[in-house]
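So the sequence shown is numbered by our numbering: it starts at 313 and just counts up by one. The structure appears right after this line, and notes come after that.
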Amino acid sequence: MIEQNSGIFNLSTQSTTYLFGVNKSGHLEHLYYGEHLCSTSISLDALSPILTNPLGIGIAYSETDPSMLEIVKQEISTPGKGDYRESAIELSYNDGMDTLDFIYSSHQILKGKSSIFTGLPQSYGDNTICDTLRITLKEKELKLRLILTYTTFNDCDVITRKATLYNDSPAEITIQNLASLQLDLDDSDWDLTTFDGAWARERHINRRPLTTGILINDSKSGVSSADHNPCIFLSRKDCNELHGECLATNLIYSGNHREAVEVSPYGQTRVLTGINSAGFRWKLAQDESFTTPEAILTYSNAGFSDLSKNLHYFANNHIVRGYWKNKQRPILINNWEATYFNFTESKLITLAKRAKEVGIELFVLDDGWFGDRQDDTSSLGDWSVNTKKLTSGMGAFAQKLHEMNLLFGLWVEPEMISRNSNLFDKHPDWAVIIPGRAPSVGRNQFILDLTKEEVREYLYTALSQIFTLGKVDYIKWDMNRTFSDIYSNNKAIRNMGEFNHRYILGLYALLNRLIKTFPKILFESCASGGNRFDLGMLSFMPQNWVSDDTDAYERLAIQEGTACGYPLSAMGCHVSAIPNHQTLRKSDLETRFNVAAFGNLGYELDMTKLSDFERDIIKDQIAFYKMYRNIFQYGTFVKLPSESNTTRWAVMDPQKANILILDYKRRLKPNPGLEILKVPITNISYTYEVYPRQQKLSIKDFGSLAENFIASSTGIENKKLEKVMKKMLHINTETVHYEVTGEYLAKCGIHLPQTFGGTGYDPHLTRVMPDGGSRIYLITRKK
Ligand code: DGJ
């Protein structure tokens, strides 16, 4: 709901209120953001600072108005009028002047939200959920108009904002910075959490207290990046997963972004998010306009899990669109780590058969199927089938998979060009390279200039042909290098400071066209793993490869961080071989599954080399995942409190009738004493049954103790043991079962059975939990 009363704008969602007003000087003064306020009669005087004189050496707004913009919370801050904090808008006019002053002019309140694609992806929602406010501001002396557009999403406590600047004057201006969102807060008693990392360790949670000065979370590499995701959290000191006040911002954008969090000398906090001003310059001639990406804002007073729940709901219902929206995602096998570039058609078909046998639904052919690509030094750009590898051709190969009742998925990396390619020979100026300067290079490849219409046309045609030929059901859209040597000979570019943004607009235009032509293809975005995991890409591609790092232990931090801002349905999570290809670490197959199950499950290993034991395990894992797929992909995700050696995640349906818990032990602790599983998120009026998922243990894991266990658990005499052991490859994990009330689970917790500690073994009750051991507990409401 959006209302305006006596110059105060009240933007309310179910549980939050956002207030700002037009103050005496005509500025948009931010008043409040937080828990929902019921009272509607709000006075601006009570919520804004009262100053009779400037503070210290502060600058008064004018000779007649002593108010100091430096302590006014604002919706859009400008340079040159005494507010020395970071500005939301910076531009230069008249040979380098930059003073700006935007004053309220008019507004409109509209039902619903426009979702027309105008170059940038936008969130969407219908009239029953959304209201929109468009506020027009005018620069006091220049003919510039700024429209701030706010939309409320009542169903998930989200507010979005974007800004559009119009140049109504004959003089050209150059925009250096235009933030999508500004949020000014009264105090600085907040922690900032960012999601930082690098390749193979994306989006680790990084929380620290705010202190005077500016913290910048940004990307300058041309993509939203694994280094610093555009999503950020602010939280009160006492905020944890289940309690406390917190808020989040995020950006619907895939390129360079910048979040500035500034604590002023007066202890107020300013948050800005938008396109990164570094390297950005955008010329605006008469009658031209520039629109920022849309930013999102959400608040909760019930801890991080509730905040993430808002963000998940928003992504699933107001970002992801089209055929795959809220649809269960197929379980896939990807051949990358099984074969890398070295495959034949018959190898792939055998792999597909083995995958089908265990219940996999989608076969994904990764890198190496096109041009003359034997390694990563060639052929990007040449999107024609390599018939030496796929001897029957793309159409016939895909048909074989379809006949096996498997969906067919294909890897592409359309934004790139190899120097060693036919495309480069033909169009060297399509590569982003500065003429006359030796270019820097990433993974032996260059970026294609997607600002150019003819490049996009080429890609659209080449990709459409291959998608049609293979009748593809799924596309993995990869992007394996970041930007350098920015240059384009595209005549439409007036300043190279436009390039990065124009590239992203070009990418979105291409994706928009392809998705319209192939509405049923499931697209998964990838950028060397998770280097472009953002709401912009999710607007076109419903899922995203989280990380190339599939080591179960590493994935805990990666998936946990990613799930703060993005739903599990967006997260590609695979079980891979051991030793793990990124870390050489060994985790058992059950644990690899237990972690990968919290997202879109896939397998990325050579299924033709599995033992019978491993195949049986995978079959059971897939059957289990299929039973609870909707919860694993669309359930509410919560990180449960646990001691530091343990990671506990929960995912559940909205009614809390089925709850799945991951219990992961980092390091084995000998003779650990008693362990309790507390689940403070249950419905306390239910009675639940609790089971650990049945897992298998290899007899070999017991080494020379194995004979003792088999003798004690089966009663077989010693002399027959050797024979039995040869046949008996595995034993089942504990079969404990509890029937317990939700209240008991939430408040007291249940005692887990004794962990194996070398003093004996009960086949039904002893819990074997080596380093990196784990279980999934299934907690279901008793019928
Ligand atoms: C990087 C991706 O993240 C991998 O999964 C794989 O597709 C390779 N590229 C292929 O080159």
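C-beta: ideal position from N, C-alpha, C; glycine also. Here the structure is a predicted model, which is why all the values come from computation and not from measurement.
Compare the C-alpha of residue 900 against each of 662, 564, 862 and 342 and name the closest.
Working through the sequence shown from its first residue, we reach residue 900 at position 588. With distances taken between Cα atoms, residue 900 lies closest to 862.
Over what stretch of residues does the beta strand (DSSP E) that includes residue 882 continue unbroken?
To locate residue 882, count along the sequence shown from 1; it is residue 570. Note, residue 882: premise wrong, no beta strand (DSSP E); not H, not E.
Flag residue 841 as yes when its Cβ comes closer than 8 Å to any non-hydrogen atom of the ligand DGJ, and as no otherwise.
In the sequence shown, residue 841 corresponds to position 529, counting from 1. For the ligand DGJ, at least one heavy atom lies less than 8 Å from the Cβ of residue 841.
How about the region 576-588 and the region 790-807: do they share at least three Cβ pairs that are nearer than 8 Å?
No, because fewer than three Cβ pairs between the region 576-588 and the region 790-807 fall closer than 8 Å, the two stretches do not touch.
Would residue 633 pass as a contact of residue 834 if the rule is Cβ separation under 9 Å?
Taking the sequence shown and counting its residues from 1, the one referred to as residue 633 is at position 321. Taking the sequence shown and counting its residues from 1, the one referred to as residue 834 is at position 522. Not a contact, by the Cβ cut-off of 9 Å.
Please look up how many angstroms separate the CB atoms of residue 762 and residue 815, rounded, as I've assumed it's under 8 Å.
Within the sequence shown, residue 762 is the residue found at index 450, counting from 1. Within the sequence shown, residue 815 is the residue found at index 503, counting from 1. Confirmed, Cβ separation roughly 5 Å.
Could you check how far apart the C-beta atoms of residue 611 and residue 328 are, in whole angstroms? I think they sit under 8 Å.
For the purposes of this step, residue 611 is taken as the residue at position 299 of the sequence shown. For the purposes of this step, residue 328 is taken as the residue at position 16 of the sequence shown. Indeed they touch by this definition, with Cβ atoms about 5 Å apart.
Check whether the region 923-939 and the region 661-680 are in contact - that is, three or more C-beta pairs closer than 8 Å.
They touch, by the three-pair rule.
Take residue 604 and list the residues in its own chain whose beta-carbon comes closer than 6 Å to its own, dropping the five residues that flank it on each side.
Translated into the one-based positions of the sequence shown, residue 604 becomes position 292. For residue 604, where only same-chain residues beyond five positions count, the Cβ hits under 6 Å are 474, 475, 490, 492 and 586.
Exposed or buried, what is residue 887 when buried is set at 16 or more other beta-carbons lying within 10 Å of its beta-carbon?
Position 575 of the sequence shown holds residue 887. Answer is buried; the Cβ neighbour count reaches 16.
Take the Cβ of residue 478 as the centre, count every other Cβ of all protein chains shown within 10 Å, and call the residue buried at 16 or more, exposed below.
The count along the sequence shown starts at 1 and reaches residue 478 at position 166. Flag for residue 478 reads buried.
Kindly list the residues whose CB is nearer than 7 Å to the CB of residue 801, restricted to its own chain and excluding five residues on each side of it in sequence; keep chain order.
Position 489 of the sequence shown holds residue 801. Excluding sequence neighbours, residue 801 sits near 741.
Is residue 403 closer than 9 Å to residue 494 when the C-beta atoms are compared?
Counted from its first residue, the sequence shown places residue 494 at position 182. Counted from its first residue, the sequence shown places residue 403 at position 91. Not closer than 9 Å, so no.
Excluding the 5 residues preceding and the 5 following residue 771 in the sequence, name in chain order all residues of the same chain whose CB lies nearer than 7 Å to its CB.
Numbered from its first residue, the sequence shown carries residue 771 at position 459. Once the five neighbours on either side are set aside, the close Cβ partners of residue 771 are 726 and 822.
Roughly how many whole angstroms lie between the Cα atoms of residue 653 and residue 884?
Walking along the sequence shown from the start, residue 653 turns up at place 341. Walking along the sequence shown from the start, residue 884 turns up at place 572. Straight-line Cα distance between these residues: approximately 21 Å.
Secondary structure at residue 606, three-state DSSP: helix, strand or coil?
To locate residue 606, count along the sequence shown from 1; it is residue 294. In this structure, residue 606 counts as coil in the three-state DSSP scheme.
Tell whether a beta-carbon distance below 9 Å holds between residue 522 and residue 501.
In the sequence shown, counting from the first residue as 1, residue 522 sits at position 210. In the sequence shown, counting from the first residue as 1, residue 501 sits at position 189. Yes, these two residues count as a Cβ contact at 9 Å.
In this structure, how does DSSP classify residue 780 when only helix, strand and coil are distinguished?
Along the sequence shown, read from residue 1 onward, the residue named residue 780 stands at position 468. Correct three-state label for residue 780: helix.
Output yes or no for whether 9 Å exceeds the beta carbon distance between residue 542 and residue 531.
Stepping through the sequence shown from its first residue, residue 542 is reached at position 230. Stepping through the sequence shown from its first residue, residue 531 is reached at position 219. Yes, the Cβ-Cβ distance between residue 542 and residue 531 is below 9 Å.
Out of 707, 496 and 668, which one is the CA nearest neighbour of residue 716?
Along the sequence shown, one-based indexing puts residue 716 at 404. The shortest C-alpha separation from residue 716 is found at 668.
What are the partner residues of residue 396, as DSSP defines its beta bridges?
Position 84 of the sequence shown, counting from 1, holds the residue named residue 396. DSSP output for residue 396 lists no bridge partner at all.
Could you work out which residue in 461, 954, 731 and 874 is closest to residue 506 when comparing CA atoms only?
Position 194 of the sequence shown, counted from the first residue, corresponds to residue 506. Among 461, 954, 731 and 874, the Cα nearest to that of residue 506 is on 874.
For the ligand DGJ, I want to know if residue 646 counts as a neighbour, meaning its beta carbon is within less than 8 Å of at least one of the ligand's heavy atoms.
Numbered from 1 along the sequence shown, position 334 holds the residue referred to as residue 646. The answer is yes for residue 646.
Grab me the residues of residue 563's own chain with a C-beta within less than 6 Å of its C-beta, minus the 5 sequence neighbours each way, in chain order.
In the sequence shown, the residue the question calls residue 563 occupies position 251. The residues are 542, 569, 585, 605 and 607.
Mind checking who residue 964 pairs with in its DSSP beta bridge?
Position 652 of the sequence shown, counted from the first residue, corresponds to residue 964. In DSSP, residue 964 forms a bridge with 948 and 971.
What beta strand (DSSP E) runs, 3 residues minimum, are completely inside the region 717-779?
Entirely contained in the region 717-779, the beta strand (DSSP E) runs reaching 3 residues are, in chain order, 719-724, 728-730 and 757-759.
Going by CA-CA distance only, name the one from 636, 960 and 546 that's closest to residue 609.
Sequence index remark: in the sequence shown, residue 609 carries index 297 (1-based). Nearest C-alpha to residue 609: 546.
Spatial neighbours of residue 418 within its chain, please: CB distance less than 7 Å, with the 5 preceding and 5 following residues excluded, ordered by chain position.
The sequence position of residue 418 within the sequence shown is 106, counting from 1. Counting only Cβ-Cβ distances below 7 Å, and skipping sequence neighbours, we find 448.
With distances taken from CA atoms, which of 1053, 996 and 954 is nearest residue 1002?
Translated into positions along the sequence shown, residue 1002 becomes position 690. Of 1053, 996 and 954, the residue nearest in Cα terms is 1053.
I'd like to check one pair, residue 526 with residue 572: are the Cβ atoms closer than 9 Å?
Residue 572 sits at position 260 when you count from the first residue of the sequence shown. Residue 526 sits at position 214 when you count from the first residue of the sequence shown. Against a cut-off of 9 Å, the Cβ pair of residue 526 and residue 572 comes out as a contact.
Thinking C-beta only, is residue 339 closer than 9 Å to residue 405?
Sequence index remark: in the sequence shown, residue 405 carries index 93 (1-based). Sequence index remark: in the sequence shown, residue 339 carries index 27 (1-based). Going by C-beta atoms, residue 405 is not nearer than 9 Å to residue 339.
Alpha helix (DSSP H) containing residue 662: first to last residue?
On the sequence shown, residue 662 is found 350 positions in, with the first residue counted as 1. 657-670 is the extent of the alpha helix (DSSP H) around residue 662.
Taking 8 Å as the cut-off, does the region 1067-1086 touch the region 972-992 (at least 3 CB pairs, one atom from each stretch)?
These segments touch.
Three Cβ pairs or more, each shorter than 8 Å: is that satisfied between the region 314-323 and the region 434-451?
At 8 Å Cβ cutoff, the stretches touch.
Have a look at residue 636 and residue 696 and give me their C-alpha separation to the nearest angstrom.
The residue you call residue 636 lines up with position 324 of the sequence shown. The residue you call residue 696 lines up with position 384 of the sequence shown. Residue 636 and residue 696: Cα-Cα distance of roughly 28 Å.
On a Cα-Cα basis, can you pick out the residue from 655, 377 and 395 that is closest to residue 385?
Locating residue 385 in the sequence shown gives position 73, counting from the first residue. Selected option, being the one with the closest Cα: 395.
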